[in-house]
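Comments concern the structure below.
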Amino acid sequence: MGDTVQSLAGQEEARYRALQAVDPRAPGALETFTAGLHDESWRVRHAAAEGLRRLPDPEGVTARLISVLGERGATGARNAAAEALAGMGEVALRPVVDLLAHEDPDQRKLAVDILGQLGRSEVEDVLVHALSDGDLNVRVSAAEALGRMGGDAAARALEGLLDAETVLMRLAALEGLAALRRAPPVTRVMPLVEEPGLQRSALRLLGWCSPGASTVRICRALGSPVRSVREAALVALGTQAASLGPYERGELDAVARGVLGRIPEVTQRVAQALDGEDVQVRAGALVAAGALGEASLALAVAEVAREDRLLREVLFTLGQLGPEGRRLLLSNMGALSLPARTVAAEALVLLVDATSVPELCALLEWAEDDLRAVVVRALGRTRSPEALTPLVALLADPSLSGTAARALEQLITVHPLAALAALEAAVEQRTTPAAVAVLGRWGGSQVLPLLRRLARDEEAPWRAAAVEAASRVDGRAGLELARGALADESATVRIAAVRALGRMGGKEAGSFLGLALNDEDRAVRLAAVEAVGVGGVTERAQDLEVLVRHGDGALAVLAVRALAKLGQVGAGMLWDALGHPDTEVVKAALAALTSAEGTADGAALAVSLLGHPRWDVRAAAARVLGDLGRSECLPSLQQALAAENDALARMALVDAVAQLSGR
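Every position in the sequence shown, counted from 1, becomes a number in the numbering used here once 369 is added.
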């Protein structure tokens, strides 16, 4: 038996591949593909339909497909022909419309289905007319087609069908209007909600009505014993909420709260929906949970974050669950999935208050690194003086130091004296030099004596922190400490002094940076080059031009970048950089070309590099020429493109040619 099945599967695959290999221009291709429409395998029929759309005679193909639609008893072939016609485009439009006059209702239904899939607005009136066809199946198909592609005329026609005699037509009208997102007056839909066979579709359509009476009826449906009815109501509630601003959303929540609060077991039903598979149902369940404000739903709400599309609504809903919901999240973070923990932590940043500090500190004990960073942010949002001690301690954690410093800044504005006292205590207790940096930003002149003392500390990290902090507190004091630190035995302290000088800038700082540019330690020299650019010290431009020719590629790169910041990019310096043996220096020079003294010189330099041995340099040159926008460079780019073999460099050249060609 197994061998037989395997043999049949192999035969199907062979037929499928044979159809895919048929040349659409070959004689007999039309007959081959038409025969494929009658295959017993849907894969083969689909391949035949795809092949027919590729044939060079679309009119002939359309005629053949229309003939296949008339083959009674060949359901698979007729459906495959309909699929092919739907992909033929405009050429199939008139023949399919003509088919609506056929005496066979099956062919008229197929024609309606095809027109709906074609999605052409010009057939809207034809489909509206088909709503009055003598065959019920044709009328239903016409309503479904209008729901997929109709406009105003379709909406009016479908609304008229809400009073149709047959339940099937009223159902098709409801579904079509919901697909069009065109809600009729609430009074037209409300009676249909009471009909068991129409209730779910009518509820979904109510979701496109303005909030108010429709919201009341939607929420009442959450008391239904039928799960599918409740889910339709939740979809409608989510639809209404999605289009509202904050004020209107508040009104909707108030209406929903008044109704939902009177429904027995509504909390359990919302929790069940939050754990469902349907995204639209979960979106509506989030709205219901937020309206209820039921803290016990916090964990279920957070778990919905596993669906990326609902992250914003999850955050909004968590914010509606109040302090009890927040406490429930904090105490159960370990039980949540990773996506739920992440979004819950983000929500906590917005929800915490002064009472949250102990729970947040407990969470720090076990949370992952990413989550710990969010918890640190939340500590800053508590605005509680109790958060000062843990945040100051976290300054010693390299992975969290920056986040903790920013969180402390939030607390310093609320509790300045307590914050500065905590920071000074941390310094006195030698907790971490990072506390010195925060003191420098916020302590003012009153911390200068402490900084002067620390600048003479036995340990280099504390001296370095004090020198940098002083430059933020007072310019003269910062300059004095930086000048002394340039003679420090530790390269770390000298680098801190260089950074401080760069931050302060000015002629006096420039003279000291000249000394640092000749420091015996390479790291100090690198920092000094950067500081010249940051501080705008143009007096040191000549020193940088010399460094452009330095054999150390890192120094030369930083020198080029610093000169660009200073606006001192001349042709001579560029030629020196472009001739450097280190290609990173060459690329830095290319990046600086757009700020060259004359763009003509810059363009000439870039053109000269289109033949560079390195592909990345050629690509960088092409990008620069595209940005410069000088049309006289177009022939050079075109010539380089014709000779280029590297794929990435070719892409850069193609883009540059397009830019200069105005395409």
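Cβ coordinates follow ideal geometry from the N, Cα and C atoms, glycine included.
{"Asked": "Alpha carbon of residue 944 to alpha carbon of residue 849, nearest angstrom", "Found": "39 Å"}
{"Asked": "Other residues of its chain near residue 1035: CB distance less than 6 Å, five sequence neighbours each side excluded", "Found": "Here the chain covers residues 370 to 1032 and nothing more, so residue 1035 does not appear."}
{"Asked": "Identity of the residue in 837, 461, 1031, 514 nearest residue 549 by Cα", "Found": "514"}
{"Asked": "Rounded C-alpha distance that separates residue 366 from residue 712", "Found": "It is not possible to answer for residue 366, since the shown part of the chain is limited to 370 through 1032."}
{"Asked": "CA-to-CA distance, residue 391 to residue 974, given in whole angstroms", "Found": "54 Å"}
{"Asked": "Cut-off 6 Å between Cβ atoms - residues of its own chain near residue 699, not counting five sequence neighbours on either side", "Found": "728"}
{"Asked": "Burial state of residue 1027, where buried means 16 or more other Cβ atoms lie within 10 Å", "Found": "exposed"}
{"Asked": "Rounded separation between residue 866 and residue 997 - CA only", "Found": "39 Å"}
{"Asked": "Under 8 Å between C-beta atoms of residue 826 and residue 860", "Found": "no"}
{"Asked": "Terminal residues of the alpha helix (DSSP H) in which residue 483 lies", "Found": "474-487"}
{"Asked": "Coil, strand or helix - residue 677 by DSSP", "Found": "helix"}
{"Asked": "Rounded separation between residue 519 and residue 547 - CA only", "Found": "12 Å"}
{"Asked": "Residue range of the alpha helix (DSSP H) that includes residue 789", "Found": "785-797"}
{"Asked": "Segment limits, alpha helix (DSSP H) that includes residue 670", "Found": "667-672"}
{"Asked": "Residues near residue 719 in its chain [Cβ-Cβ closer than 8 Å; skip 5 each side]", "Found": "684, 688, 750"}
{"Asked": "Pair within 8 Å by beta-carbon distance, residue 787 and residue 761", "Found": "no"}
{"Asked": "Which of helix, strand or coil DSSP assigns to residue 432", "Found": "helix"}
{"Asked": "Own chain partners of residue 932 with C-beta closer than 8 Å, once the 5 adjacent residues on each side are dropped", "Found": "902, 910, 913, 914, 917, 938, 942, 961"}
{"Asked": "Cβ-Cβ distance between residue 606 and residue 558 below 8 Å", "Found": "no"}
{"Asked": "Validate contact between the region 566-579 and the region 624-637 using beta carbons, cut 8 Å, 3 pairs", "Found": "no"}
{"Asked": "Pair within 8 Å by beta-carbon distance, residue 959 and residue 993", "Found": "yes"}
{"Asked": "Own chain, CB closer than 7 Å to residue 947, minus 5 neighbours either side, in chain order", "Found": "955, 958, 974, 978"}
{"Asked": "Closest residue to residue 489 among 475, 898, 523 (Cα-Cα distance)", "Found": "523"}
{"Asked": "Where the alpha helix (DSSP H) containing residue 578 begins and where it ends", "Found": "Unbroken run through residue 578: none, as it is neither H nor E."}
{"Asked": "Inter-stretch contact at 8 Å, needing at least 3 Cβ pairs: the region 453-461 / the region 492-504", "Found": "no"}
{"Asked": "Unbroken stretches of the alpha helix (DSSP H), 4 residues or longer, contained in the region 720-772", "Found": "726-733, 738-750, 757-763"}
{"Asked": "Reference residue 818; option with closest CA among 803, 807, 829, 835", "Found": "835"}
{"Asked": "For residue 651 and residue 675, the rounded distance between their alpha carbons", "Found": "11 Å"}
{"Asked": "6 Å Cβ shell around residue 438 - same chain, five flanking residues per side excluded", "Found": "447, 450, 476, 479"}
{"Asked": "Same chain, Cβ closer than 6 Å to residue 571, five either side skipped, listed in chain order", "Found": "543, 558, 561, 562"}
{"Asked": "Reference residue 805; option with closest CA among 586, 659, 830", "Found": "830"}
{"Asked": "As assigned by DSSP and simplified to three states, the class of residue 952", "Found": "helix"}
{"Asked": "Rounded distance between the beta-carbons of residue 784 and residue 754, thought under 8 Å", "Found": "5 Å"}
{"Asked": "Own chain, CB closer than 6 Å to residue 667, minus 5 neighbours either side, in chain order", "Found": "690, 694, 697, 698"}
{"Asked": "Top-ranked residue by Cα proximity to residue 532, from 833, 516, 556, 496", "Found": "556"}
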